[in-house]
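J.: Numbering of the sequence shown is given in my numbering, commencing with residue 869 and proceeding in unit increments.
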Amino acid sequence: MIGSRVKTLLPRPVRSAIKRAIGVPPPGPLAPATPGEILRRTLSNLAPLRVRREEAARPTLSMITDTIAGSHLFGGVGTAVLFAVALAARKGMALRIVTRDRPPEERAIHGLLSVYNVEFPLDLELLFSAASDGSPVPLGPDDLVLTTSWWTTHAALHDVPKQQIVYLIQEDERMFYPGGDQQLLCNELLQEKELRYVVNTSLLLQHFRESGAAGPAANGVAFEPAFPDHIYRPEPGTGRRKLLFYARPGHPRNLFLRGLQAIAAATEHGLFPSDAWELHFAGVDIPPVDLPGREIAYHDSLPWQDYAALVRGTDLALSLMYTPHPSYPPLDIAASGGVVVTNSFGVKSDLSGRSANIIIVPTTLDGILDGLMRGSVLAIDDAARAQNRSSDTIVRSWDQSFGPVFDRL
C-alpha cells in the first residue's frame, strides 16, 4: 500500500530512495512470459469463464457480473439483478448469480428486491467464480447466460455457445477507455451479430445503430428503465431549496471539473444565494471545495436508501454524462418531481419528451450556466414542476419496462 501511494505521487528516483529507506525491497525482473500470459495478466477480467457441462432437471439462467454488494447496487448493477429475476420468472427457469471479483452478498440482493417489492427467488443460487481460480459454472443445453458487460461477455464466449448468451448492455462501453487495446477488443465484440443484445434505453440503441456497432444494430432490443412511484416521489422539504451536484471525480465521463466550473460561475453570478439555497455534492472522493461564503454538504458512498431520500428532497440538480446514455440520476430526479440540468451528447439532444423537468444543454460553460439559470426559475415553481411530473412519460413499472424485451427473447 505504501509503495502504491508513493508511486502515484512522486517521481521514480525519489520513490526508489524512499523505498530503500523504509526497507521495501526492489522488484525483481519479470520472468519471460508468452504473449497469451501477458494478455491474461494485463487484462485479467477477460479470463475465460469456467464452465462445467451438466444437465439439470430445470433450465437455469446464470447472470455473470463483477460483484454484488450493497454499495454497488445503484443504477446498472441493480437493473441487471432486477432483469435477471424477472427473466428467470418469465421463462420458468432457476436463477444463479455468478460474480467474478468477490463473493456475492445475499443480503444486498434481499435489500434491493425488497425496496422494489419484488419477491426473492426461492431457488436462487449464488456462486463466486473468480477469474483466476473460481468455481466452474454449471451449464446445461437449455440454460441461458446473462452477461452484463463486454468483458463478462468476452469471458463467456470461450465456452458458452453464442445462442445461449444474452448480453445486457447499459452504456457504450467503448467510451470507458482511451484509444487502445481495451477499446479495440470492446468494439470487436460489438460487431458480433450472433449474440442477443438487450439495450438500456432506445436512445442508446439508436446510438449503436449510428456508430458502427453492428451487433446491437442488427440484433438488439431496447427497454426503458423504470422509476416506481413508491420510491421516486416528491418529498418537499422546509426552509431553503436544495441544489444537488452529482459529482464523481473518479469517473471522467461525469465531467466533474466542468460541473464544478459551472457551479462556481453560477454562485459568482448571484444564483443560489445562501439564504435561499443549500448546496449538496454527491459522489465518492470529492475534494474539499472552497466556494466563498458557502457551505457544502458532502454525500460520500451513500447507502441506496439514503441516496433515494436525497433525490426525493432535491429541487434542482446538475448531473452531467459525456456519453449517449441519459444516465440514471437525471431520471431519478425528474421522476421524483425535481428539476435537473444535464448535457447533450450525439443522439442525446432532447429529453423533454420524457420530462419537461429535464433541461438538456451543450457542454460549454455558458450552456450549462444558462441551464442552471433556467432550472433555478423552474425549481421554485412548484405548480409547474408538479404538472411536468404528472405529464411525463417516464416508465414507473419494471413489468412494463421489461415486457416488450421478454416477448422478443
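We put the CB at the ideal spot given by N, CA and C, even for glycine.
So what does DSSP say about Arg873, is it helix, strand or coil?
T.: Walking along the sequence shown from the start, residue 873 turns up at place 5. With a pLDDT of only 41 at Arg873, under the threshold of 50, the placement of this residue in the model should not be trusted; the figure read from the coordinates follows. If DSSP states are grouped into helix, strand and coil, Arg873 belongs with the helices.
J.: How would you label Asp1153, buried or exposed, when you count the other beta carbons within 10 angstroms and need 16 or more for buried?
T.: Position 285 of the sequence shown, counted from the first residue, corresponds to residue 1153. With fewer than 16 other Cβ atoms within 10 Å, it is exposed.
J.: What does the alpha-carbon distance come out to for the pair Val1157 and Asp1183?
T.: For the purposes of this step, residue 1157 is taken as the residue at position 289 of the sequence shown. For the purposes of this step, residue 1183 is taken as the residue at position 315 of the sequence shown. If you take the alpha carbons of Val1157 and Asp1183, they lie about 21 Å apart.
J.: Could you check how far apart the C-beta atoms of Ile932 and Val1013 are, in whole angstroms? I think they sit under 8 Å.
T.: Position 64 of the sequence shown, counted from the start, is the residue given in the question as residue 932. Position 145 of the sequence shown, counted from the start, is the residue given in the question as residue 1013. Sure, about 6 Å apart at Cβ, within 8 Å.
J.: Contact between the segment 1234-1249 and the segment 914-925 is defined here as three or more beta-carbon pairs at a separation below 8 Å; is this criterion met?
T.: With the rule of 3 Cβ pairs closer than 8 Å, the segment 1234-1249 does not count as touching the segment 914-925.
J.: In whole angstroms, what is the alpha-carbon distance linking Arg1101 and Trp1172?
T.: Here residue 1101 refers to the residue found at position 233 of the sequence shown. Here residue 1172 refers to the residue found at position 304 of the sequence shown. Looking at the two C-alpha atoms, the distance is approximately 15 Å.
J.: According to DSSP, which residues form a beta bridge with Val1089?
T.: Counting from 1 along the sequence shown, the entry for residue 1089 is found at position 221. Val1066, per the DSSP bridge assignment.
J.: CB-CB under 6 Å to Arg970, same chain, minus the five flanking residues each way: which ones, in chain order?
T.: The residue given as residue 970 occupies position 102 in the sequence shown. Answer for Arg970: Thr935, listed in chain order.
J.: Opposite Ile1228 in the DSSP bridges: which residues?
T.: By 1-based counting over the sequence shown, the position of residue 1228 is 360. Answer is Thr1210.
J.: Does DSSP put His1119 in a helix, in a strand, or in coil?
T.: One-based indexing of the sequence shown puts residue 1119 at position 251. Note: His1119 maps to coil in three-state DSSP.
J.: From which residue to which residue does the beta strand (DSSP E) around Lys1061 run?
T.: Position 193 of the sequence shown holds residue 1061. It is not in any beta strand (DSSP E) - Lys1061 carries neither H nor E in the DSSP assignment.
J.: Starting from Glu1163, trace the alpha helix (DSSP H) both ways and give me its first and last residue.
T.: Here the question's residue 1163 lines up with position 295 in the sequence shown. Note, Glu1163: premise wrong, no alpha helix (DSSP H); not H, not E.
J.: Let me make sure I understand the geometry here. Which of Val949, Ser1000, Arg968 has the alpha-carbon closest to that of Ala976?
T.: Residue mapping note: residue 976 aligns to position 108 of the sequence shown, counting from 1. Of the listed residues, the one whose Cα sits closest to Ala976 is Val949.
J.: So, does the segment 1202-1211 touch the segment 1239-1249, judging by three or more C-beta pairs under 8 Å?
T.: Look at the beta carbons and you see the segment 1202-1211 touching the segment 1239-1249: at least three pairs across the two are nearer than 8 Å.
J.: Can you say whether Arg1276 is buried or exposed, counting buried as having 16 or more other CB atoms within 10 angstroms of its CB?
T.: Within the sequence shown, numbered from 1, the residue matching residue 1276 stands at position 408. Exposed: under 16 other Cβ atoms inside 10 Å.
J.: Under a three-way DSSP split, which group does His1075 fall into?
T.: For the purposes of this step, residue 1075 is taken as residue 207 along the sequence shown, with counting starting at 1. In this structure, His1075 counts as helix in the three-state DSSP scheme.
J.: Buried or exposed for Leu1025, please, with buried defined as at least 16 other CB atoms from any protein chain shown within 10 angstroms of its CB.
T.: Along the sequence shown, read from residue 1 onward, the residue named residue 1025 stands at position 157. Answer is buried; the Cβ neighbour count reaches 16.
J.: Just the C-alpha distance for Ala998 and Glu922, rounded to the nearest angstrom, thanks.
T.: Taking the sequence shown and counting its residues from 1, the one referred to as residue 998 is at position 130. Taking the sequence shown and counting its residues from 1, the one referred to as residue 922 is at position 54. Using only the alpha carbons, I get a separation of about 20 Å.
J.: Pick out the complete alpha helix (DSSP H) segments inside the segment 898-981, 4 residues or longer, and give them in chain order.
T.: 903-910, 943-959
J.: With DSSP collapsed to three states, give me the class of Glu993.
T.: Taking the sequence shown and counting its residues from 1, the one referred to as residue 993 is at position 125. Note: Glu993 maps to strand in three-state DSSP.
J.: Between the Cα of Asp1168 and the Cα atoms of Phe1076, Ala1115, Trp1266, Leu1246, which residue gives the shortest distance?
T.: Residue mapping note: residue 1168 aligns to position 300 of the sequence shown, counting from 1. Here the closest residue by C-alpha is Ala1115.
J.: Could you say which of Tyr984, Trp1019, Leu980, Met961 lies nearest to Glu993 if we only look at CA atoms?
T.: For the purposes of this step, residue 993 is identified with residue 125 of the sequence shown, where counting begins at 1. Among Tyr984, Trp1019, Leu980, Met961, the Cα nearest to that of Glu993 is on Met961.
J.: In or out: Leu955 buried (at least 16 other Cβ within 10 Å) or exposed?
T.: On the sequence shown, position 87 is the one that residue 955 refers to. With 16 or more Cβ atoms within 10 Å of its Cβ, Leu955 is classed as buried.
J.: Residues bridged to Ala1185 by DSSP?
T.: On the sequence shown, position 317 is the one that residue 1185 refers to. Ala1185 pairs with Leu1112, Val1208.
J.: Taking the alpha carbon of Ser1220 as the reference point, which residue from Phe1044, Thr1261, Ile1131, Gln1051 has its own alpha carbon closest?
T.: For the purposes of this step, residue 1220 is identified with residue 352 of the sequence shown, where counting begins at 1. Cα-wise, what sits closest to Ser1220 is Thr1261.
J.: Tell me, please, whether the segment 1082-1094 touches the segment 1050-1068 by the rule of three or more beta-carbon pairs shorter than 8 Å.
T.: yes
J.: So, at 7 Å on beta carbons, what are the nonlocal neighbours of Ala1203 in its own chain, with the 5 sequence-adjacent residues on each side left out?
T.: Taking the sequence shown and counting its residues from 1, the one referred to as residue 1203 is at position 335. Closer than 7 Å at the Cβ level, and outside the excluded window around Ala1203, lie Phe1095, Tyr1100, Ile1262.
J.: Would you kindly check if the distance between the Cβ of Ser930 and the Cβ of Arg958 is under 7 Å?
T.: For the purposes of this step, residue 958 is taken as the residue at position 90 of the sequence shown. For the purposes of this step, residue 930 is taken as the residue at position 62 of the sequence shown. Contact: no.
J.: Out of curiosity, what's the CA-to-CA distance linking Thr947 and Leu1178?
T.: For this step, residue 947 is matched to residue 79 along the sequence shown. For this step, residue 1178 is matched to residue 310 along the sequence shown. Spanning the two alpha carbons is a distance of roughly 20 Å.
J.: Taking 7 Å as the threshold (C-beta atoms), are Pro1004 and Arg926 in contact?
T.: In the sequence shown, counting from the first residue as 1, residue 926 sits at position 58. In the sequence shown, counting from the first residue as 1, residue 1004 sits at position 136. No.
J.: Which residue from His1119, Pro1046, Asp1001, Gly1008 puts its Cα closest to that of Pro1029?
T.: Locating residue 1029 in the sequence shown gives position 161, counting from the first residue. Considering only alpha carbons, the answer is Gly1008.
J.: Can you tell me the Cα-Cα spacing of Ser1265 and Asn985, whole angstroms?
T.: By 1-based counting over the sequence shown, the position of residue 1265 is 397. By 1-based counting over the sequence shown, the position of residue 985 is 117. Distance between the alpha carbons of Ser1265 and Asn985 is about 11 Å.
J.: Using the DSSP secondary-structure output, state which residues sit across from Trp1145 in a beta bridge.
T.: On the sequence shown, position 277 is the one that residue 1145 refers to. Its beta-bridge partners are Arg1109.
J.: Looking at the structure shown, is Tyr1175 part of a helix, part of a strand, or coil, going by DSSP?
T.: The residue given as residue 1175 occupies position 307 in the sequence shown. Taken through DSSP and simplified to helix, strand or coil, Tyr1175 comes out as helix.
J.: Starting from Pro1006, trace the beta strand (DSSP E) both ways and give me its first and last residue.
T.: One-based indexing of the sequence shown puts residue 1006 at position 138. First-last of the beta strand (DSSP E) with Pro1006: 1005-1007.
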